[in-house]
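Asks:
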Amino acid sequence: MKFSQRGSHMMTTSGLRSIMADVATTRSAGERWLNLGVGNPAFIPEVGAMWHDLAQQTLDFDFATESAGYGPSRGNARLIDVIVDYFAKTYGWNLTPHNVVVGPGSQMLCFIAAALFAGPGDDSMRRLVLPCVPDYAGYLGMSMDSGGAEGFAPRVQPVGRHRFHYLLDRDALRDSADIGLLLVSSPSNPTGRSLDEDEMGCLVATADANDAVLVVDNAYGQPFPRVARTSAPPLWHPAVINCFSVSKAGLPGERLGFAVGAPEQISAMVAVIANSALHAPHFPQLILARALETGRLDELATAVVQPYYAARRRNAEDLLHEYLPDDLNWRLHTGDGGMFCWLWIDEPWFDDAKMYARLKERRVVAVPGRHFFPDPDGVGRHATQCLRLSITADEATVREGIRVVADTLVSLAGRRA
Ligand SMILES: Cc1ncc(COP(=O)(O)O)c(C=O)c1O
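When you read off a place in the sequence shown, starting at 1, and then add 10, the result is the number in this note's numbering.
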């Protein structure tokens, strides 16, 4: 059997696949893991109850008519109309159905954008650039061509004793050429960092200068699920495609997201969905239509989800300070909250892959930092000195997991606890 070049390339991209393999391992029956690895949202009872109720209504009123037939590749017409109204009410955007496409998750929507706007062009290679590295591990497998996603070396700013922050590399952006697609999560997975208006303006200017598209992945931010704080609302601009997902609002298993952008970009995305998946599943689309038109998702995002994650984050920060030795050079990305703690262990002996392996021996899963850098070997030691901890498990699991992380760090440092 022979694979195509693309086939071989797709099989080598490993960060997200390794995270998905951990999802499978930690869900195996009879296994007990302290899971600080995967990006599942927390189960919040009020949110679960809302989805259950809306799913029941959808089953009662729409299942027979909608789920029994194929539908438009752009998305269910009722959901599209609801999305158009929702963005008019929420942000004053003047959309029509031509600005919207629904897909089976925002991972797929970003993948489609990468296929459309990055790769070999008429006269040059259109580059897929991640302007805010480290960024979501799922972006690294998005290019179907070798070369793949690129990023700039991170610009690290230490803050106080145990904090740090990444700065946007405006010079690198200004000097870049041949960009086809800029792709960024804001608020970011893994750092929680949310771009402000000025930073977003810099990305838009870079996209304009390259005749490129900027995809902003709002999976954690506004208008829902509000898992992390945002510095600015989503930006409407002809060069920008905004992606939204219901996953972190509590429905990751139903695979649903949508994108909003200029009609010519969106109609190209609709074409790829038609060719690859026909359309997104109807059942969750109609659940989402109900959640948006009744305002229930917005209410819960603001009144429940946002405070819930803010409290979890404070708790995780307290635990890090409680368990990690003060004289060890660990730093937490300042961020704006979110589902993760992004740690930088600025010590010469620390290696994220070794740490990951040691933690797994103790049945704790965390994600090695290198999975969030397109070229971990090309950016110096930093990419292998980071670790992502998810804080969505129950409090006892997060406490015990962070205790084991601290204990493992102490033993890797060759010190006594
Ligand atoms: C930034 C970001 N974008 C997209 C996704 C995937 O979203 P979806 O489930 O809608 O495909 C994730 C999942 O972890 C993510 O962190």
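A virtual CB, placed ideally from N, CA and C, is assigned to each residue, including glycine.
Quick check: what's the CA-CA separation for Trp246 versus Pro107?
Replies: 15 Å
Asks: Which of the three DSSP states is assigned to Phe254 in this structure?
Replies: strand
Asks: Between which two residues does the alpha helix (DSSP H) harbouring Ala393 extend?
Replies: Under the DSSP assignment, Ala393 falls outside any alpha helix (DSSP H); it carries neither an H nor an E label.
Asks: What is the C-beta distance between Pro197 and Tyr146, in whole angstroms, given that I count them as a contact (C-beta under 8 Å)?
Replies: Going by Cβ atoms, the distance from Pro197 to Tyr146 rounds to 11 Å, so no, they are not a contact pair.
Asks: I believe Leu140 touches Gly161 by the beta-carbon criterion, under 8 Å. Please report the beta-carbon distance rounded to the nearest angstrom.
Replies: 4 Å
Asks: Looking at C-beta atoms only, is the number of pairs between the stretch 380–397 and the stretch 156–170 that lie closer than 8 Å three or more?
Replies: yes
Asks: Span of the beta strand (DSSP E) holding Asp445?
Replies: The structure shown has nothing for residue 445, since the chain only spans 11 to 427.
Asks: For the putative contact between Ala393 and Phe383, defined by C-beta atoms under 8 Å, what is the C-beta separation to the nearest angstrom?
Replies: 4 Å
Asks: Whose C-beta lies closer than 6 Å to the C-beta of Glu209 among residues of the same chain, with five residues either side of it excluded?
Replies: Leu178
Asks: Does ligand 1 have a heavy atom nearer than 7 Å to the CB of Ser204?
Replies: no
Asks: Starting from the N-terminal end, write out each residue whose C-beta falls within a distance shorter than 6 Å of any non-hydrogen atom of ligand 1.
Replies: Taken from the N-terminal end onward, the list reads Gly49, Gly115, Ser116, Gln117, Tyr146, Gly148, Ser195, Asn199, Asp227, Ala229, Ser255, Ser257, Pro262, Gly267.
Asks: What's the C-alpha gap between Val434 and Met279?
Replies: Residue 434 falls outside the range modelled here, since the chain spans only 11 to 427, and no answer is possible.
Asks: At which residues does the alpha helix (DSSP H) containing Met154 begin and terminate?
Replies: Counting along the chain, Met154 falls outside any alpha helix (DSSP H), and DSSP gives it neither H nor E.
Asks: Find out if the Cβ-Cβ distance for the pair Ala65, Ile297 is shorter than 8 Å.
Replies: yes
Asks: Can you tell me where the beta strand (DSSP E) holding Phe174 begins and where it ends?
Replies: Per DSSP, the unbroken beta strand (DSSP E) holding Phe174 starts and ends at 173–177.
Asks: How about Lys418 and Met365: do their beta carbons lie closer than 8 Å?
Replies: It is Thr, not Lys, that sits at residue 418 in the sequence shown. For Thr418 and Met365, yes; Cβs fall inside 8 Å.
Asks: Using alpha carbons as the reference points, say which of Phe127, Phe71, Arg88, Asp346 lies closest to Ala222.
Replies: Phe127
Asks: From the DSSP output, in three-state form, read off Gln167 for me.
Replies: In this structure, Gln167 counts as strand in the three-state DSSP scheme.
Asks: Taking DSSP as the reference, what is the three-state secondary structure of Met11?
Replies: coil
Asks: Bridge partners of Asn269, per DSSP?
Replies: The question names Asn, but residue 269 is Ala in the sequence shown. Partner(s): Val111, Cys253.
Asks: Kindly identify the DSSP beta-bridge partner or partners of Phe383.
Replies: Answer is none; Phe383 lacks a bridge partner.
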